[in-house]
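Undergrad: Numbering (the numbering used here), first residue to last: 50 to 592. After the structure tokens below, expect a handful of questions from me.
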Ligand SMILES: Nc1ncnc2c1ncn2[C@@H]1O[C@H](COP(=O)(O)OP(=O)(O)OP(=O)(O)O)[C@@H](O)[C@H]1O
Ligand SMILES: [Mg+2]
């Protein structure tokens with residue numbers, strides 16, 4: 050194999066070199082050098098032939114047009130060969146006989162005849178053109194080399210590139226995940242801080258709206274409440290998205306959740322001139338789910354439909370349907386006859402922060418949250434939409450199997466403040482947030498309760514030791530004696546009273562307080578909550 054390695058003028062025994070070239074997993078070729086550049090392949094080892102052939106076919110000539118994805122690359126190689134230096138690892142894309150692309154790195158050096166003489170080289174018996182048996186032991190093609198030639202080394206770097214791309218992708222994903230995690234951390238921190246003031250604003254707005262319904266301020270109070278709801282929704286959304294929201298799992302009658310959510314939006318839909326039709330299947334099995342999260346799902350879909358129709362001034366009906374999907378799945382559908390979406394928009398709607406709305410009108414978290422919740426419940430969501438012809442979102446959730454043993458969500462009719470179900474009953478309210486506590490206390494009084502307030506856990510404990518209450522509403526985090534300590538103390542004195550404790554929490558998952566709620570099985574409400582919701586839980590406790 051004198052063409053590959055030159056010795057001091059005596060051609061070496063070619064056999065060992067031949068064997069080595071045959072075995073080498075790197076493509077080797079000796080190519081004649083014409084005045085125009087590299088020409089015919091005089092010799093090629095099996096690895097190169099295999100590389101150029103691919104799955105099947107006749108390997109193309111190395112420097113022929115057919116062998117190059119971009120002949121420009123070949124031209125660059127040719128030009129570089131005119132320079133006196135060897136070419137090392139020049140990247141190129143070769144076209145294999147089977148049509149596929151080989152990513153290679155080419156090393157080449159002009160050799161032979163460099164001293165001006167000519168070298169005759171016999172490099173084997175392997176045919177380059179025609180059919181080939183690419184067995185390693187086969188010999189290279191016979192060729193006669195007169196004058197200069199190019200010795201070429203072709204390395205297939207496809208696998209390496211794939212690995213590099215893969216690790217780049219992984220790295221990007223990791224980076225993205227880390228960014229999201231950091232963002233989630235920050236967002237949930239902010240949302241959490243907002244929960245206390247929002248809780249108070251929402252409670253007061255809800256109360257004022259009810260109280261001022263028949264006054265000239267009614268419309269302003271309506272807007273105040275609506276915007277407070279919206280702010281609270283964003284905070285909840287952020288916490289859900291960052292998986293920092295306290296969750297619970299109960300047997301949930303889906304129809305109830307859907308009906309109540311529609312009730313929440315009904316007034317706004319009507320004001321916007323939209324109709325909503327509700328069609329609930331009567332034989333629906335319960336789902337084992339977090340009722341608040343399910344409400345978030347339905348609410349987000351409803352609001353999206355409403356927004357889309359109002360913004361585009363197209364459509365007027367939202368249909369909400371529940372049905373059995375099959376024996377062990379249930380289905381919720383929210384369909385509108387609004388403007389619909391293009392395929393491009395549909396492909397991105399579940400991306401966090403994707404929105405087509407103006408700044409201040411949408412955060413782009415609605416559907417990301419829907420998807421996360423649905424996935425967490427082992428369900429799926431389907432979208433069907435045509436531009437100009439509305440949109441239909443279908444959520445399919447597994448029905449709770451007969452084996453699930455869990456308490457059922459309380460389905461008491463929403464209590465409103467005009468219902469004085471608390472007449473003659475005493476409630477202890479322990480909260481260190483005076484604004485929120487004030488709104489809650491007023492609401493309870495409206496419902497007929499006699500309310501005793503406590504500004505911290507120690508005071509609450511003293512009150513609870515002095516007399517028995519029909520219900521105790523208690524912030525989980527309080528100065529001096531915190532919620533869990535208060536609860537344990539009460540449980541030690543009077544277990545029935547402990548069962549009537551309702552915790553209110555702005556706390557997030559993963560904290561000790563959250564674990565306490567899980568373990569104690571206490572009733573609890575996450576801030577910001579609706580007063581109507583609070584009343585329902587209270588009614589459940591005293592009823
Ligand atoms: N029913 C619908 N009709 C038309 N477009 C919709 C509908 N539902 C969602 N979209 C499109 O999907 C986008 C993303 O929705 P998503 O609920 O995630 O965010 P958003 O509504 O823009 O903001 P957010 O819900 O956080 O306030 C919307 O901006 C809108 O373009
Ligand atoms: Mg939305």
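For every residue, glycine included, the Cβ atom is placed at its ideal position computed from N, Cα and C. Here the structure is a predicted model, which is why all the values come from computation and not from measurement.
1) Assuming residue 505 and residue 529 form a contact by the criterion Cβ under 8 Å, report the distance between their Cβ atoms to the nearest whole angstrom.
2) Whose C-alpha, out of 103, 77, 84, is nearest the C-alpha of residue 91?
3) Is residue 411 near ligand 2, with its Cβ less than 7 Å from a heavy atom?
4) Does the separation of the CB atoms of residue 284 and residue 243 fall below 8 Å?
5) Which partner residues does residue 373 have in the DSSP bridge list?
6) Starting from the C-beta of residue 135, find all residues in its chain whose C-beta is less than 6 Å away, skip the five residues before and the five after it, and write them out in chain order.
7) With contact counted as at least three CB pairs below 8 Å, one residue from each stretch, are the region 418 to 431 and the region 346 to 365 in contact?
8) Of the residues 386, 148, 204, 105, which one's Cα is nearest the Cα of residue 137?
9) With DSSP as the reference, label residue 468 as helix, strand or coil.
10) Give the single residue among 440, 315, 515, 245 whose Cα lies nearest to the Cα of residue 281.
11) How long is the line joining the alpha carbons of residue 577 and residue 554, rounded to whole angstroms?
12) Is the number of C-beta pairs between the region 392 to 402 and the region 259 to 278 that are closer than 8 Å three or more?
13) Along the chain, where does the alpha helix (DSSP H) containing residue 356 start, and where does it finish?
14) Output needed for residue 249: all residues of its chain with C-beta closer than 7 Å, excluding positions within five of it in sequence on either side, in chain order.
15) Per DSSP, residue 523 forms a beta bridge with which residues?
16) Taking the alpha carbon of residue 290 as the point to measure from, which residue in 527, 309, 407, 234 has its own alpha carbon closest?
17) Could you tell me if residue 256 is buried or exposed, where buried requires 16 or more neighbouring beta carbons within 10 angstroms of its beta carbon?
18) Look up residue 537 in the DSSP assignment and say whether it is helix, strand or coil.
19) Using only CA atoms, which one of 522, 542, 507 lies nearest to residue 531?
20) Using a threshold of 7 Å, is the CB atom of residue 416 nearer than that to any non-hydrogen atom of ligand 2?
21) Kindly give me the distance between the Cβ atoms of residue 388 and residue 354, rounded to whole angstroms, as I take these residues to be in contact under 8 Å.
22) Which residues mark the beginning and the end of the alpha helix (DSSP H) in which residue 271 is found?
23) At the level of alpha carbons, what is the spacing between residue 64 and residue 70?
24) Suppose contacts are defined by Cβ-Cβ distances below 8 Å. Is residue 439 in contact with residue 385 by that definition?
25) Under the criterion of a Cβ to heavy atom distance below 7 Å, does residue 283 qualify as lining ligand 2?
26) I'd like the list of long-range same chain contacts for residue 586, defined as Cβ closer than 8 Å, with 5 residues on each side in sequence excluded.
27) Between the Cα of residue 67 and the Cα atoms of 217, 96, 370, which residue gives the shortest distance?
28) Do the region 209 to 222 and the region 261 to 268 touch if we need at least three Cβ pairs shorter than 8 Å?
29) In terms of DSSP beta bridges, what is residue 499 paired with?
30) Flag residue 388 as yes when its Cβ comes closer than 7 Å to any non-hydrogen atom of ligand 1, and as no otherwise.
31) Relative to the C-alpha of residue 231, which candidate in 154, 580, 287 has its C-alpha closest?
32) When you measure from the CB of residue 352 to every non-hydrogen atom of ligand 2, does any distance come out below 7 Å?
33) Return the chain-ordered list of same chain residues with a C-beta closer than 8 Å to the C-beta of residue 115, the five sequence neighbours on each side being excluded.
34) Tell me the residue span of the beta strand (DSSP E) that contains residue 594.
35) What do you reckon, are the CB atoms on residue 405 and residue 351 nearer than 8 Å?
TA: Per the coordinate set shown:
1) Within the chain shown, residue 505 is the residue found at index 456, counting from 1. Within the chain shown, residue 529 is the residue found at index 480, counting from 1. Right, their Cβ atoms sit about 5 Å apart.
2) On the chain shown, position 42 is the one that residue 91 refers to. Selected option, being the one with the closest Cα: 77.
3) Here residue 411 refers to the residue found at position 362 of the chain shown. Checking the Cβ of residue 411 against ligand 2 gives yes.
4) Start at 1 with the first residue of the chain shown, and residue 284 comes out as number 235. Start at 1 with the first residue of the chain shown, and residue 243 comes out as number 194. Against a cut-off of 8 Å, the Cβ pair of residue 243 and residue 284 comes out as a contact.
5) What you label residue 373 is simply residue 324 of the chain shown in a count that begins at 1. 379, per the DSSP bridge assignment.
6) Numbered from its first residue, the chain shown carries residue 135 at position 86. Answer for residue 135: 158, listed in chain order.
7) Yes, since at least three Cβ pairs between the region 418 to 431 and the region 346 to 365 fall closer than 8 Å, the two stretches touch.
8) Within the chain shown, numbered from 1, the residue matching residue 137 stands at position 88. Comparing alpha-carbon positions, the option among 386, 148, 204, 105 lying closest to residue 137 turns out to be 204.
9) Within the chain shown, numbered from 1, the residue matching residue 468 stands at position 419. Coil.
10) Start at 1 with the first residue of the chain shown, and residue 281 comes out as number 232. In terms of Cα proximity to residue 281, the closest of 440, 315, 515, 245 is 245.
11) What you label residue 577 is simply residue 528 of the chain shown in a count that begins at 1. What you label residue 554 is simply residue 505 of the chain shown in a count that begins at 1. Rounded to the nearest angstrom, the two C-alpha atoms are 9 Å apart.
12) No, because fewer than three Cβ pairs between the region 392 to 402 and the region 259 to 278 fall closer than 8 Å, the two stretches do not touch.
13) Within the chain shown, numbered from 1, the residue matching residue 356 stands at position 307. Where residue 356 is concerned, the enclosing alpha helix (DSSP H) starts and stops at 340 to 361.
14) One-based indexing of the chain shown puts residue 249 at position 200. Excluding sequence neighbours, residue 249 sits near 482, 484, 485, 488.
15) Looking up residue 523 in the chain shown gives position 474. Beta-bridge pairing by DSSP links residue 523 to 479, 552.
16) Translated into positions along the chain shown, residue 290 becomes position 241. Closest option to residue 290, Cα to Cα, is 234.
17) As a position in the chain shown, residue 256 is number 207, starting the count at 1. Per the 10 Å Cβ criterion, buried.
18) On the chain shown, residue 537 is found 488 positions in, with the first residue counted as 1. Looking at residue 537 - three-state DSSP - the assignment turns out to be helix.
19) Locating residue 531 in the chain shown gives position 482, where the first residue counts as 1. Among 522, 542, 507, the Cα nearest to that of residue 531 belongs to 507.
20) Here residue 416 is taken as the residue at index 367 of the chain shown, counted from 1. Yes; taking the cut-off as 7 Å, the Cβ of residue 416 has a heavy atom of ligand 2 nearer than that.
21) Against the chain shown, residue 388 aligns to sequence position 339. Against the chain shown, residue 354 aligns to sequence position 305. Not quite, the Cβ-Cβ distance comes to about 10 Å (not below 8 Å), so this is no contact.
22) Indexing the chain shown from 1 puts residue 271 at position 222. Residue 271 -> alpha helix (DSSP H) spans 267 to 290.
23) Walking along the chain shown from the start, residue 64 turns up at place 15. Walking along the chain shown from the start, residue 70 turns up at place 21. Rounded to whole angstroms, the gap between the alpha carbons of residue 64 and residue 70 is 10 Å.
24) Counting from one through the chain shown, the residue named residue 439 turns up at place 390. Counting from one through the chain shown, the residue named residue 385 turns up at place 336. The Cβ atoms of residue 439 and residue 385 sit closer than 8 Å to each other.
25) Counting from one through the chain shown, the residue named residue 283 turns up at place 234. No, Cβ of residue 283 sits at least 7 Å from all heavy atoms of ligand 2.
26) Walking along the chain shown from the start, residue 586 turns up at place 537. Spatial neighbours of residue 586 in its own chain (CB-CB distance under 8 Å, excluding positions within 5 residues in sequence) are listed in chain order as 459, 551, 572, 574.
27) As a working note, residue 67 is residue 18 in the chain shown. When each option's Cα is compared against that of residue 67, the closest is 96.
28) Contact between the region 209 to 222 and the region 261 to 268 is absent, with fewer than three C-beta pairs closer than 8 Å.
29) The count along the chain shown starts at 1 and reaches residue 499 at position 450. Within the DSSP bridge table, the entry for residue 499 names 475 as partners.
30) Position 339 of the chain shown holds residue 388. Yes.
31) Taking the chain shown and counting its residues from 1, the one referred to as residue 231 is at position 182. Proximity to residue 231 across 154, 580, 287 peaks at 287, based on C-alpha coordinates.
32) For the purposes of this step, residue 352 is taken as the residue at position 303 of the chain shown. At least one heavy atom of ligand 2 is nearer than 7 Å to the Cβ of residue 352, so yes.
33) One-based indexing of the chain shown puts residue 115 at position 66. The residues are 109, 144.
34) The structure shown has nothing for residue 594, since the chain only spans 50 to 592.
35) Locating residue 405 in the chain shown gives position 356, where the first residue counts as 1. Locating residue 351 in the chain shown gives position 302, where the first residue counts as 1. Not a contact, by the Cβ cut-off of 8 Å.
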